[in-house]
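Numbering (my numbering), first residue to last: 964 to 1575.
For every residue, glycine included, the Cβ atom is placed at its ideal position computed from N, Cα and C.
Comments concern the structure below.
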Amino acid sequence: MPKQHNMPEQLFKIRHSLAHIMAQAVTERYPDARPTIGPPVENGFYYDFAVPQPFTPEDLAAFEQRMKEIIQKGVVFQRKEVSAEEARRLFAGNPFKLELIEGLVSGAGDDMGESEEETPDSQSAAGNSQSVISIYTHDTFTDLCRGPHVASTREINPQAFKLTASSGAYWRGDEHNPMLQRIYGVAFETPQELQHYLQQVEEAKKRDHRKLGRELEIFFFDDEIGPGLPLWQPNGAAIIEELEKLAKEIELKHGYKRVRTPHVTKEDLFLRSGHLPYYAESMYPPMELDDGVKYYIKPMNCPMHHKIFGSKPRSYRDLPIRLAEYGTCYRYEKSGELFGLMRVRSMQMNDAHIYCAEEQFEQEFMDVIAMYLEYFNLFGIDKYVMRLSTHSRKGLGKKYVDNESLWLKTEDMVRRAMQKHNVPYVEQADEAAFYGPKIDVQIWSAIGREFTLATNQVDFAVPARFDLKFTNREGKEETPLCIHRAPLSTHERMIGFLIEHYGGAFPVWLAPIQAVLIPIADRHIEYCQQVAQRLAEIGLRTEVDDGNDRMQNKIRKAQGQKIPYMLVAGDKERDAGAVAVRLRTGEDLKAMPVEQFIARVQPIITERKADL
RNA sequence: GCCGAUGUAGCUCAAUGGCAGAGCAAUCGAUUUGUAAUCGAUAGGUUACGGGUUCAACUCCCGUCGUCGGCUCCA
């Protein structure tokens, strides 16, 4: 996603000006530091510096203090337009600024670090010759900048910002470029808004799936097993089972057939698919057998499914053919990219491949979109963005299959299908798969990191590499299109997301433990076990808390585990064949016969309702 | 992979070069309780791992591994 600057004008100016003030503080303390770019961003701002030594936490505290002093002086920001020569002279000691100036001169970009839209054809030369170079000066500091800025630092509340972090960042976001040091700040108009934001961040940390996953005993990582390789505890496995059950039901309804494929395969398969050598760095290294044949652990399932499609002659009458598998894949993600369950090295994908004729494409593609919406509606997921990810011309032959007309054609197919069915989406160039455009569903983790949850991809290239064919109406051989889709993402990312989405309080059908039986005294344990047995008969995941705690503490523990139903049983309930039902919301439904509880719960589970 | 921070009991955290501790969890005992913490006792550690400095290292230094915050990348 590009950085969106849809914040109010004044806030934009405050944040942008704070970035300049920070640059002043930094260059005062470290005259060797070379400021590069420093834009406002969501919730604040950052500035990247080229420095000989990375900043320390003490540096940040000192910068923040100095910034407050500068703000309190009430200095003004002054804009001045300069010629290219003057700009070059002013920033002669700063190669990064000089690069920016050359960019401005050639009309390629600005000091916000944003590249202009990649539309070389439509781009007239108009902006180039007359691009304005402006500088802003406040106090002792002058920066190359488009602006706008506050008129005076009196518009900035010195108590309404905070420097939060420093980290490395590559110049212009390219890992082949030198690494700069970035300082992040958060900033608002008032101290109250800052406090509110900081509190929100604290609240979000409580929903973090890494924290909840441990507390709720859903999954964990172990040093001896390896980074990015989660172990699913019984609670996590219960969630997985439910998701697979859901997927199988829905996919059956949508005409999918289930297949199973091996986890390892000869190198030849991935050479054929084109993943090797291109994708090799994201794959676990091969194992070489005695005869010198290399085998890889699969990073995706598609080539295997292609083989199944190609295993016999296909007629147009057979299409579309939809092959589904919860395939287990392994990807050697770079160590620094791992992130709890959201980014792992072993994963189980809600994968399927749909082979269809071109005239069937729209219906198949939209059926997948409908499936997404069906799932999202079920989970109550509404904070997502559907993104049409398209190719870029400069990536043709490198990141993307080199066939521009097919790209344009398939992108248009997707675009028209989405528009015709009124599904909102945004478009993002240069994010496509190497074999075709796709609809990605973007979501955000509790701490605000963006991920692709589900994906729906067009593949106009790989079926041909596998010589996939069907016989069309005219008796001629034709290559099918392939749709790769994963509406439920991978178990790992989906469950990571769902933990945060529900804050650990899963709907009953997904809850790892659906009801806990709480005996009031030891003499009620046996009765509780009988009830638990009965509940197990209808498929409820139940436990009896026969521990030595008092009932109150058992409730507290169940509450902490976010178990939907707490079923309390004492003398009265035992004698009446009843349980006293307490919901995790705190609501007390009082005693009811066990069969009445079952009658309440069963439809909630089978219909996968959100309520308790 | 890169930059930085960080790693103490299952979990959350103390101990700033001088005997490694607390709360929760666990185990045992007592209690038998009516809707968010009953009481007591016990056990739990080669302070991530490997080197080094020092009379003495959880503490200082170096390396490895993991984790966290970013960058890059992605289901």
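C-alpha of residue 982 to C-alpha of residue 1113: approximately 12 Å in a straight line. Beta-bridge analysis with DSSP links residue 1407 to 1413. Looking at the backbone, the Cα of residue 1258 and that of residue 1548 are separated by about 52 Å.
Restricting attention to alpha helix (DSSP H) runs no shorter than 4 residues, the segment 1359–1403 encloses them at 1367–1383, ordered along the chain.
If you ignore the 5 residues before and after residue 1428, its C-beta comes within less than 7 Å of the C-beta of 1235, 1236 and 1237, all in its own chain and listed in chain order.
Annotation: residue 990 is outside any beta strand (DSSP E); the continuous alpha helix (DSSP H) that includes it extends over 972–992.
Counting along the chain, residue 1311 sits inside no alpha helix (DSSP H); it lies in the beta strand (DSSP E) bounded by residues 1309–1319. Looking at the DSSP output, residue 1447 bridges to 1316 and 1420. Spatial neighbours of residue 1248 in its own chain (CB-CB distance under 8 Å, excluding positions within 5 residues in sequence) are listed in chain order as 1295. With a contact defined as Cβ atoms closer than 8 Å, residue 1461 and residue 1477 miss out at about 16 Å.
Taking every protein chain shown into account, the CB of residue 1293 has 16 or more other CB atoms within 10 angstroms, so this residue is buried.
Relative to the Cα of residue 1130, the nearest Cα in the group 1243, 1263, 1000 and 1146 belongs to 1146. Around the beta carbon of residue 1144, a 10 Å sphere encloses 16 or more other beta carbons of the protein chains shown; the residue is thus reported as buried. Distances from the alpha-carbon of residue 1244 to those of 1298, 1175, 1571 and 1386 put 1298 closest. Using a Cβ distance threshold of 9 Å, residue 1344 and residue 1331 do not count as a contacting pair. Residue 1148 and residue 1125 do touch by the CB rule: their CB atoms are close to 6 Å apart, below 8 Å.
Taking C-beta atoms as the reference points, residue 1396 and residue 1422 count as a pair closer than 9 Å. Rounded to whole angstroms, residue 1061 and residue 1096 show a C-alpha spacing of 12 Å. Contact between the segment 1271–1283 and the segment 1202–1215 is not established, with fewer than three Cβ pairs separated by less than 8 Å.
If you draw a straight line from the Cα of residue 1281 to the Cα of residue 1222, it is about 17 Å long. About 6 Å separates the beta carbon of residue 1172 from that of residue 1303, a gap short enough to meet the 8 Å contact definition.
Inter-segment contact for the segment 1486–1501 and the segment 1346–1359 is absent: fewer than three beta-carbon pairs are separated by less than 8 Å.
Check the Cα spacing between residue 1283 and each of 1410, 1443, 1339 and 1393: the tightest is with 1443. Put simply, the backbone Cα of residue 1166 is about 15 Å away from that of residue 1156. Here the C-alpha atom of residue 1506 lies approximately 10 Å from the C-alpha atom of residue 1494. Listed in chain order, the non-local C-beta contacts of residue 1300 below 7 Å within the same chain comprise 1306, local neighbours out to five positions each way being set aside.
Residue 1306: not part of any beta strand (DSSP E); DSSP gives it neither H nor E.
Residue environment analysis places residue 1530 among the buried positions, since at least 16 neighbouring C-beta atoms fall within 10 angstroms of its C-beta. Relative to residue 1528, the option among 1535, 1538, 1555 and 1216 whose CA is nearest is 1555. Excluding five sequence positions before and after residue 1054, the CB atoms of its chain that fall closer than 7 Å to its own CB belong to 1060, 1061, 1064 and 1107, given in chain order.
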